[in-house]
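Structure first, commentary second.
Numbering (the UniProt record's numbering), first residue to last: 1 to 286.
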């Protein structure tokens, strides 16, 4: 029995979609905190188990009979404590194998979002010491984040970001979801670390060039200063946490933190991930 946490989120719902095509419905279940959000899964005949990451007793009950658990990382400020609860509950309930989704980055100690993202590596260390079999899947940035970071005015103002010439090996969330689903149903991934990245890395200049070709517009990328970018974010009344997260992410891109080359995702998928042209056609209604 496989159990997927975060099944009502973007990545989790993609994993569930692909599991549907790989195994029978009685071979996997999902964890949900809110039964209303999980109603569509219930309607599909998928077993939904109730559990709260902040309540270990509910997790112990939900994990009974589970052999392999996919722990999709949360975005809560107490993320590490929540993940500890999941891992502790998994041990008590007799789970054999935990797959964890973390972050593919060069050096977390130099990250602009270290305070938030270091919990990924704390979770990894805790899981490795737990005695459970584990698989650590470190995800690159989702291509789906490109339109969010570029903003709504790019076709009028161009791309104004402090990303330097840094590159990111983007992959679509749908591709990562499929990769995780395939990994869950396969054997031989115990106690291994994988980097789920796209087959090729791209800069914002590459994105501007490709969008220009797709739209027949003269799209350009301007590498602006960090302070100018922060002012732009504040001018649109972006919440403080999102300013921190966006600025820190761009800082990491500029300093080449995401430039990790790996064929792990394409190996598990059995094909290369979509190239930049293919990703942008999915992301923009062009």
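Backbone N, C-alpha and C define an ideal beta-carbon position, used for all residues, glycine too.
Is the distance from the Cβ of residue 133 to the Cβ of residue 190 below 7 Å?
Numbered from its first residue, the chain shown carries residue 133 at position 133. Numbered from its first residue, the chain shown carries residue 190 at position 190. Yes, the Cβ-Cβ distance between residue 133 and residue 190 is below 7 Å.
Run of the alpha helix (DSSP H) containing residue 32, from where it starts to where it stops
Here residue 32 refers to the residue found at position 32 of the chain shown. Boundaries for residue 32: no alpha helix (DSSP H) harbours it, while the beta strand (DSSP E) harbouring it runs 28-32, taken from the DSSP string.
To the nearest whole angstrom, what separates the beta carbons of residue 162 and residue 224, a pair I think is in contact under 8 Å?
Here residue 162 is taken as the residue at index 162 of the chain shown, counted from 1. Here residue 224 is taken as the residue at index 224 of the chain shown, counted from 1. Between residue 224 and residue 162 the Cβ distance is about 5 Å, and since that is below 8 Å, they are a contact.
CB of residue 80 within 7 Å of CB of residue 122, strictly:
Counting from one through the chain shown, the residue named residue 80 turns up at place 80. Counting from one through the chain shown, the residue named residue 122 turns up at place 122. The answer is yes: Cβ separation under 7 Å.
Beta strand (DSSP E) segment containing residue 72, residue limits
Start at 1 with the first residue of the chain shown, and residue 72 comes out as number 72. Residue 72 -> beta strand (DSSP E) spans 68-72.
Integer Cβ distance of residue 104 from residue 140, believed to fall under 8 Å:
Start at 1 with the first residue of the chain shown, and residue 104 comes out as number 104. Start at 1 with the first residue of the chain shown, and residue 140 comes out as number 140. Contact between residue 104 and residue 140 holds: their C-beta atoms lie close to 5 Å from each other, under 8 Å.
Count the CB pairs spanning the region 169-181 and the region 225-243 that are closer than 8 Å, and state whether there are at least three.
No, because fewer than three Cβ pairs between the region 169-181 and the region 225-243 fall closer than 8 Å, the two stretches do not touch.
Unbroken alpha helix (DSSP H) run spanning residue 121, endpoints:
Residue numbering aside, residue 121 sits at position 121 when the chain shown is read from its first letter. Boundaries of the alpha helix (DSSP H) harbouring residue 121: 114-128, taken from the DSSP string.
For residue 76, the nearest candidate out of 50, 44, 120 and 156 (CA to CA):
Mapped onto the chain shown, residue 76 falls at position 76. Comparing Cα-Cα distances from residue 76 to each of 50, 44, 120 and 156, the minimum goes to 120.
Note down, in chain order, each residue of its chain lying with its Cβ closer than 6 Å to the Cβ of residue 243, except the 5 sequence neighbours on either side.
Taking the first residue of the chain shown as position 1, residue 243 is located at position 243. Excluding positions up to five away in sequence, the list reads 233.
8 Å contact criterion, which residue 68 and residue 114 should meet: CB distance rounded:
The residue labelled residue 68 in the question sits at position 68 within the chain shown. The residue labelled residue 114 in the question sits at position 114 within the chain shown. The distance from the Cβ of residue 68 to that of residue 114 is about 31 Å, inconsistent with a contact at the 8 Å cut-off.
Does the Cβ of residue 171 have 16 or more other Cβ atoms within 10 Å, making it buried, or fewer, making it exposed?
Residue 171 sits at position 171 when you count from the first residue of the chain shown. Buried: at least 16 other Cβ atoms inside 10 Å.
Go to residue 176, then tell me how far its alpha helix (DSSP H) extends in each direction, as first and last residue.
Counting from 1 along the chain shown, the entry for residue 176 is found at position 176. Per DSSP, residue 176 belongs to the alpha helix (DSSP H) from 173-185.
Less than 7 Å between the beta carbons of residue 201 and residue 259, yes or no?
Against the chain shown, residue 201 aligns to sequence position 201. Against the chain shown, residue 259 aligns to sequence position 259. Going by C-beta atoms, residue 201 is nearer than 7 Å to residue 259.
How long is the line joining the alpha carbons of residue 283 and residue 88, rounded to whole angstroms?
Reading the chain shown from its first residue, position 283 is the one you call residue 283. Reading the chain shown from its first residue, position 88 is the one you call residue 88. Spanning the alpha carbons of residue 283 and residue 88 requires a straight line of approximately 38 Å.
Pick helix, strand or coil for residue 16, following the three-state DSSP scheme.
Here residue 16 refers to the residue found at position 16 when the chain shown is read from its first residue. The answer is helix: DSSP assigns residue 16 an H, G or I state.
Where does residue 63 fall in DSSP's three states?
Reading the chain shown from its first residue, position 63 is the one you call residue 63. Secondary structure of residue 63 (DSSP, three-state): coil.
Assigned secondary structure, residue 237 (DSSP; H/G/I helix, E/B strand, else coil)
By one-based count along the chain shown, residue 237 stands at place 237. Residue state, collapsed to three classes: coil.
Identify, in the order they occur along the chain, each residue of the same chain with its Cβ nearer than 6 Å to the Cβ of residue 112, setting aside the five sequence neighbours on each side.
Counted from its first residue, the chain shown places residue 112 at position 112. Around residue 112: 248, 251 and 252.
Taking Cβ to Cβ, would you say residue 41 is nearer than 7 Å to residue 23?
Residue 41 sits at position 41 when you count from the first residue of the chain shown. Residue 23 sits at position 23 when you count from the first residue of the chain shown. Between residue 41 and residue 23, the gap from beta carbon to beta carbon reaches 7 Å or more.
Nearest-angstrom beta carbon gap, residue 62 and residue 51 [assumed within contact, 8 Å]
On the chain shown, residue 51 is found 51 positions in, with the first residue counted as 1. On the chain shown, residue 62 is found 62 positions in, with the first residue counted as 1. In this structure, residue 51 and residue 62 form a Cβ contact; the two beta carbons are roughly 4 Å apart against a cut-off of 8 Å.
In this structure, what does DSSP give as the bridge partners for residue 136?
As a position in the chain shown, residue 136 is number 136, starting the count at 1. Per DSSP, 100 and 193.
Per DSSP, which residues does residue 243 bridge with? Please list them.
Your numbering for residue 243 matches position 243 in the chain shown. Answer by DSSP bridge pairing: none, since residue 243 is not bridged.
Output the distance between the C-alpha atoms of residue 4 and residue 157, rounded to the nearest integer angstrom.
Within the chain shown, residue 4 is the residue found at index 4, counting from 1. Within the chain shown, residue 157 is the residue found at index 157, counting from 1. Near 41 Å, if we compare the C-alpha coordinates of residue 157 and residue 4.
Relative to the alpha-carbon of residue 28, which residue among 93, 150, 65 and 275 has its alpha-carbon at the smallest distance?
Taking the first residue of the chain shown as position 1, residue 28 is located at position 28. The shortest Cα separation from residue 28 among 93, 150, 65 and 275 belongs to 65.
Run through DSSP, which three-state label would residue 271 get?
Stepping through the chain shown from its first residue, residue 271 is reached at position 271. Here residue 271 sits in coil by DSSP.
For residue 2, the first and last residue of its enclosing beta strand (DSSP E):
Counting from 1 along the chain shown, the entry for residue 2 is found at position 2. That run of the beta strand (DSSP E) goes 2-4.
Sequence-distant residues of the same chain with beta carbon closer than 7 Å to residue 254, five excluded per side:
Position 254 of the chain shown, counting from 1, holds the residue named residue 254. Within the same chain, and ignoring the five residues on either side of residue 254 in sequence, the residues whose Cβ sits closer than 7 Å to its Cβ are 162, 163, 164 and 166.
In three-state DSSP terms, what is residue 50?
Position 50 of the chain shown, counted from the start, is the residue given in the question as residue 50. In the structure shown, residue 50 adopts extended strand secondary structure according to DSSP, grouped into three states.
Compute the Euclidean distance between the alpha carbons of residue 78 and residue 126, then round it to the nearest angstrom.
Residue 78 sits at position 78 when you count from the first residue of the chain shown. Residue 126 sits at position 126 when you count from the first residue of the chain shown. Between residue 78 and residue 126, the C-alpha separation is close to 15 Å.
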